[in-house]
Every structure is written in C-alpha cells, then in structure tokens.
Amino acid sequence: MAVPQLIVVSPRGSGTPLLARTTSALGYTPYGTMSGVQHDGGDRPGPGETSRLLRAAYGQEQAGRLLLRQHEDRTELESAFRLAVTALWRVWWTRLGQPVTAASPVDPVLEDRLSRIPDSELPRLLPGRGCWYVNSLDLERADAGFLRAWHAAARPPIVYHHRDVRDRIIEQIRLLSQPAGRVGSLPDHLVYRDIVSALPTMDARITLALTDPGFPGMREARRCQWLLRHPAVLVLTHEELAGATHGGTAEGRERALHRLFAAVGLPDPAAALAALPGAGSDELPVGVWRTHFSPEHERLLQQHHGDLLPPHPDEAVHSLGPQRADAPAPSRPASR
0 MAVPQLIVVS PRGSGTPLLA RTTSALGYTP YGTMSGVQHD GGDRPGPGET SRLLRAAYGQ
60 EQAGRLLLRQ HEDRTELESA FRLAVTALWR VWWTRLGQPV TAASPVDPVL EDRLSRIPDS
120 ELPRLLPGRG CWYVNSLDLE RADAGFLRAW HAAARPPIVY HHRDVRDRII EQIRLLSQPA
180 GRVGSLPDHL VYRDIVSALP TMDARITLAL TDPGFPGMRE ARRCQWLLRH PAVLVLTHEE
240 LAGATHGGTA EGRERALHRL FAAVGLPDPA AALAALPGAG SDELPVGVWR THFSPEHERL
300 LQQHHGDLLP PHPDEAVHSL GPQRADAPAP SRPASR
C-alpha cells in the first residue's frame with residue numbers, strides 16, 4: 000500500500016518540476032514549492048479522513064455538528080474542511096523549517112490547535128496522498144519533534160532530489176535573467192535578478208554565482224548535504240530522472256523510478272512505470288554547464304564549492320552534453 004505522505008527536498012535549480020510531474024502521476028498532490036503543479040486524479044479524502052481532520056481542528060462537538068448538518072448545508076462543512084486543511088498545511092510547513100508570512104490566510108485558532116497534535120499522528124491528518132516539496136531541510140530550522148518522530152519511524156519517507164551544482168547554477172542564472180514579472184516573489188530572487196541583469200556576459204554571471212555566498216540556492220544546498228549520507232533518505236538525481244531524452248540513460252531513469260516506487264510502497268511498479276510521463280522538453284539537458292564553464296570557473300568551483308560536486312564518480316557518465324572547447328575534464332571529490 001502506498002504511503003500517504005512523502006517529503007521531497009529539492010534545492011532550487013534541480014529540475015524539480017520533472018519529479019513533481021512524476022509524483023503527481025503516482026497520485027500524490029504536490030504541496031509546498033510545487034503546489035502549483037496540476038494534479039490529475041489521485042486519492043480523494045474519504046469520510047474517515049474528513050471526520051478525523053474536523054475533530055482535530057474543531058473538537059468533537061463542533062465536528063459532530065458539521066457532519067450531522069452536511070445534508071442540510073454542505074457548503075458549511077466544505078468551508079470548514081478547507082480552512083482546516085489550510086491551517087494543517089501551515090503547521091506542516093512550519094515543522095519542516097520553512098518560512099511563513101503574516102499575510103498567510105490561516106485561522107490562528109485552528110493553527111494553534113493543530114500545532115499541538117503529536118508528531119506521530121500529524122501525517123495521518125492530511126487527506127488523500129500528498130507530497131511536500133521544499134528547497135531545503137535544515138536541521139537547525141526544522142521542528143525538533145518532527146525530526147525525532149522521523150528518526151524513530153523513517154516516516155514520512157524523505158527523498159533528496161538534486162542536480163550537478165554547475166547545472167543548478169546555470170538554471171538559476173537562466174531564471175534570474177528573465178523579465179521581472181517571471182522571476183517570482185522570493186526576496187532573494189527579486190534582489191539577485193537586478194544584480195544578474197546588470198552583468199553583461201554569461202561568464203560574469205557564472206563568476207558571480209561561484210563567488211557570492213548569498214547567490215540563491217548555494218547556502219541551502221550546503222545545508223542539505225546530510226541528506227546524501229543518511230541511510231533512510233532516498234537520493235535521486237536529475238541526471239537519472241532526465242533519461243535518454245535529455246542526456247542520461249533510459250536504464251538509469253528506470254532504476255531510479257523503481258527505487259522511488261519501493262520507497263512509497265507502490266504495489267505494481269510495472270503499471271506505475273507505464274503510466275508515467277516522459278521528461279518534458281522544458282527541462283534543461285544534463286551537462287549544459289559544459290557549454291558555459293571556463294577553466295577559471297572550474298578553478299573557482301573547486302575553491303568555493305568543491306564539497307557540492309556530485310558525490311558519485313559514476314555520475315560523470317550522466318554529464319554528457321555539448322562540450323565547451325576550453326573546458327577541462329570534470330573532476331570529482333572522493334565518493335561517499
């Protein structure tokens with residue numbers, strides 16, 4: 000039986016939409032940074048799930064009243080349920096150590112009541128099947144109770160999805176080079192969009208990304224390194240999931256997907272594999288950094304971010320792409 004909740008940690012620029020389309024096709028509603036990804040099908044909240052969340056959010060008496068009146072006024076029940084789900088999302092987001100804003104439309108009374116739910120019971124309250132997407136999972140910011148519960152049960156499963164740091168840099172530069180209205184609303188993206196746009200060449204922009212410690216995505220990726228080493232974390236790379244369409248291999252994609260199926264407990268991997276979408280044409284190909292990185296960029300990478308290079312030497316096989324004439328052969332640190 001598939002697990003009801005899944006957490007994906009995917010640093011910015013890792014090609015996250017490709018994985019989000021995959022988990023959505025498996026029936027998981029995307030929350031968090033990928034909440035805008037359209038979801039087709041999947042599990043709907045059943046009567047038991049609805050009443051369980053209503054009791055936790057409103058108490059036994061009010062939840063009973065809402066359920067009894069649903070035949071007379073379904074609108075009241077649906078409104079109360081939506082408010083409870085929104086508050087529960089906020090509680091999850093906070094426990095995962097993610098930033099929240101005062102403007103979030105959440106009932107503070109509901110949020111406070113749901114925040115008192117024991118960590119071991121919290122995953123069972125979200126209706127249907129959900130996949131939380133976050134850019135980082137910082138051990139110093141995530142809720143200690145949540146981390147203890149996960150340590151004890153390894154549930155919900157955590158997937159660390161990442162990409163060669165050089166391709167992440169190119170993807171971030173591509174995003175920050177877009178018109179202002181398409182950059183998004185993250186404060187660091189707004190600020191660095193101005194900085195990146197003021198630089199005249201791609202070489203200058205890569206140099207900025209490699210030498211500025213505040214460049215978007217670099218600090219959070221470094222704080223996620225523990226995920227590469229934890230035995231209970233499933234590690235997937237964009238290089239694997241991109242498949243032959245974008246510079247990887249069909250075999251590598253299939254092996255990675257079977258690891259994902261096993262982690263979420265899908266009973267029929269063959270049927271799941273046949274139903275999945277292929278890699279989208281909007282994803283950057285594997286190894287695109289090779290057309291842009293110079294020997295000086297490689298030197299700066301080793302100096303400032305050598306610890307973020309791919310930990311598996313055989314990932315060099317997946318980093319096939321157009322080669323810049325003056326780029327040196329890729330180097331790797333010792334494998335883990």
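The sequence shown begins at 0 in numbering that gives the first Met the number 0 and counts up one residue at a time. Glycine included, every Cβ here is placed at the ideal spot set by N, Cα and C.
Going by the DSSP bridge assignment, what does Ile157 pair with across the sheet? Walking along the sequence shown from the start, residue 157 turns up at place 158. Bridge partners of Ile157: Ile6 and Val232.
Exposed or buried, which one is Thr236 when buried takes at least 16 other CB atoms within 10 Å? What you label residue 236 is simply residue 237 of the sequence shown in a count that begins at 1. Counting Cβ neighbours within 10 Å, Thr236 comes out buried, since at least 16 surround it.
Provide the residue span of the beta strand (DSSP E) that contains Trp131, from first to last. Here residue 131 refers to the residue found at position 132 when the sequence shown is read from its first residue. Counting along the chain, the beta strand (DSSP E) containing Trp131 begins and ends at Gly129 to Val133.
Counting pairs of beta carbons, one from the segment 156–170 and one from the segment 284–295, are three or more of them closer than 8 Å? Between the segment 156–170 and the segment 284–295 there are three or more inter-stretch CB-CB distances shorter than 8 Å, so the stretches are counted as touching.
Looking at Glu75 and Arg68, is the spacing between their C-beta atoms short of 8 Å? For the purposes of this step, residue 68 is taken as the residue at position 69 of the sequence shown. For the purposes of this step, residue 75 is taken as the residue at position 76 of the sequence shown. Glu75 sits close to Arg68, with the two beta carbons spaced by under 8 Å.
Between Arg140 and Met0, what straight-line distance do the alpha-carbon atoms span, to the nearest angstrom? Taking the first residue of the sequence shown as position 1, residue 140 is located at position 141. Taking the first residue of the sequence shown as position 1, residue 0 is located at position 1. Spanning the two alpha carbons is a distance of roughly 32 Å.
Helix, strand or coil, according to DSSP, for Tyr30 in the structure here? Here residue 30 refers to the residue found at position 31 when the sequence shown is read from its first residue. In the displayed model, Tyr30 falls within a strand according to three-state DSSP.
Spatial neighbours of Val84 within its chain, please: CB distance less than 8 Å, with the 5 preceding and 5 following residues excluded, ordered by chain position. Translated into the one-based positions of the sequence shown, residue 84 becomes position 85. So the qualifying residues of the chain are Leu52, Leu125 and Pro126.
Name the two residues that bound the continuous alpha helix (DSSP H) containing Gln302. Counting from 1 along the sequence shown, the entry for residue 302 is found at position 303. Per DSSP, the continuous alpha helix (DSSP H) segment holding Gln302 begins and ends at Pro294 to His304.
Would you kindly report the start and end of the unbroken alpha helix (DSSP H) that includes Met201? Sequence index remark: in the sequence shown, residue 201 carries index 202 (1-based). Judged by DSSP secondary structure, Met201 falls within the alpha helix (DSSP H) whose first and last residues are Met201 to Thr210.
Can you check the segment 69–114 for any alpha helix (DSSP H) of at least 4 residues that lies completely inside it and give the ranges in chain order? Every alpha helix (DSSP H) stretch that sits fully inside the segment 69–114 and reaches 4 residues is listed by chain position as 73–94 and 107–114.
Please return the same chain residues whose Cβ sits closer than 8 Å to the Cβ of His188, not counting the five positions on each side in sequence. Along the sequence shown, one-based indexing puts residue 188 at 189. Excluding sequence neighbours, His188 sits near Leu174, Leu175, Val182 and Pro215.
If we ignore side chains and look at the alpha-carbon of each, how far apart do Ser135 and Ala220 end up? Counted from its first residue, the sequence shown places residue 135 at position 136. Counted from its first residue, the sequence shown places residue 220 at position 221. Their Cα atoms are separated by approximately 7 Å.
Proximity to His160 [Cα-Cα], best of Ala19, Leu256, His70 and Val8: Within the sequence shown, the letter at position 161 stands for residue 160. Looking at the Cα atoms, Val8 is the closest of the given residues.
Distance cutoff 8 Å, beta carbons only. Does Val108 sit that close to anything in chain D? No chain D is present in this structure, which holds just one protein chain.
Output the boundary residues of the alpha helix (DSSP H) element that contains Leu66. On the sequence shown, residue 66 is found 67 positions in, with the first residue counted as 1. Per DSSP, the continuous alpha helix (DSSP H) segment holding Leu66 begins and ends at Gln59 to Leu67.
Indicate the three-state DSSP secondary structure (helix, strand or coil) for His38 in the structure shown. Here residue 38 refers to the residue found at position 39 of the sequence shown. Unreliable placement is indicated for His38, whose pLDDT of 49 sits below 50; no coordinate value is reported for it.
In terms of alpha-carbon separation, which member of Leu82, Trp88 and Ser50 lies closest to Pro29? One-based indexing of the sequence shown puts residue 29 at position 30. Considering only alpha carbons, the answer is Trp88.
Neighbourhood of Ser337 by C-beta, 7 Å cutoff - its chain only, sequence neighbours within 5 removed: The requested residue 337 does not occur in the structure, where the chain is confined to residues 0 to 335.
Out of curiosity, what's the CA-to-CA distance linking Gly14 and Ala86? On the sequence shown, residue 14 is found 15 positions in, with the first residue counted as 1. On the sequence shown, residue 86 is found 87 positions in, with the first residue counted as 1. Between Gly14 and Ala86, the C-alpha separation is close to 29 Å.
Taking the alpha carbon of Leu233 as the reference point, which residue from Ala249, His245, Leu259 and Gln224 has its own alpha carbon closest? Within the sequence shown, residue 233 is the residue found at index 234, counting from 1. Closest option to Leu233, Cα to Cα, is Leu259.
Is it right to say Ala372 is buried, meaning 16 or more other beta carbons lie within 10 angstroms of its own, or is it exposed? Residue 372 cannot be examined here, being either before or after the span of the chain that is shown, 0 to 335.
Closest by C-alpha distance to Pro230, when choosing among Ala152, Arg204, Pro284 and Trp91: Here residue 230 refers to the residue found at position 231 when the sequence shown is read from its first residue. Of the listed residues, the one whose Cα sits closest to Pro230 is Ala152.
So the alpha helix (DSSP H) Ser23 belongs to, where does it begin and stop? Residue mapping note: residue 23 aligns to position 24 of the sequence shown, counting from 1. Secondary structure note for Ser23: its alpha helix (DSSP H) is the uninterrupted segment Thr15 to Ala24.
Segment limits, alpha helix (DSSP H) that includes Trp149: Translated into positions along the sequence shown, residue 149 becomes position 150. From DSSP, the alpha helix (DSSP H) with Trp149 extends over Ala143 to Ala152.
Return the CA-CA distance between Arg64 and Pro122, expressed in angstroms with no decimal places. If you number the sequence shown from 1, residue 64 lands on position 65. If you number the sequence shown from 1, residue 122 lands on position 123. Each residue's alpha carbon lies about 25 Å from the other.
Assuming His150 contacts Leu209 (C-beta within less than 8 Å), just tell me the rounded distance between them. By 1-based counting over the sequence shown, the position of residue 150 is 151. By 1-based counting over the sequence shown, the position of residue 209 is 210. No, His150 and Leu209 are not in contact; Cβ-Cβ is about 35 Å, not under 8 Å.
Taking the Cβ atom as the reference point for each residue, do Val90 and Ser114 lie within a distance shorter than 8 Å? In the sequence shown, the residue the question calls residue 90 occupies position 91. In the sequence shown, the residue the question calls residue 114 occupies position 115. In this structure, Ser114 lies closer than 8 Å to Val90 by Cβ.
Would you mind giving the Cβ-Cβ distance between Arg94 and Phe145, rounded to the nearest angstrom? I have them listed as a contact below 8 Å. Position 95 of the sequence shown, counted from the first residue, corresponds to residue 94. Position 146 of the sequence shown, counted from the first residue, corresponds to residue 145. Right, their Cβ atoms sit about 4 Å apart.
Can you tell me where the alpha helix (DSSP H) with Asp187 in it begins and where it stops? Taking the first residue of the sequence shown as position 1, residue 187 is located at position 188. For Asp187, the enclosing alpha helix (DSSP H) stretches over residues Pro186 to Ser196.
DSSP three-state label for Phe214, please. Taking the first residue of the sequence shown as position 1, residue 214 is located at position 215. In the structure shown, Phe214 sits in coil (DSSP, three-state: anything other than H, G, I, E or B).
Could you work out which residue in Pro266, Ser23 and Glu239 is closest to Leu256 when comparing CA atoms only? As a working note, residue 256 is residue 257 in the sequence shown. Of Pro266, Ser23 and Glu239, the residue nearest in Cα terms is Glu239.
Chain-order list of residues whose beta-carbon lies under 8 Å from that of Leu265 (same chain, five-residue window excluded): In the sequence shown, counting from the first residue as 1, residue 265 sits at position 266. Only Ala1, Leu25 and Ala271 meet the Cβ criterion.
What residues in its chain sit with their C-beta under 7 Å from that of Ala261, if we drop five residues either side in the sequence? What you label residue 261 is simply residue 262 of the sequence shown in a count that begins at 1. Here the set comprises nothing.
DSSP three-state label for His245, please. In the sequence shown, residue 245 corresponds to position 246, counting from 1. It is helical.
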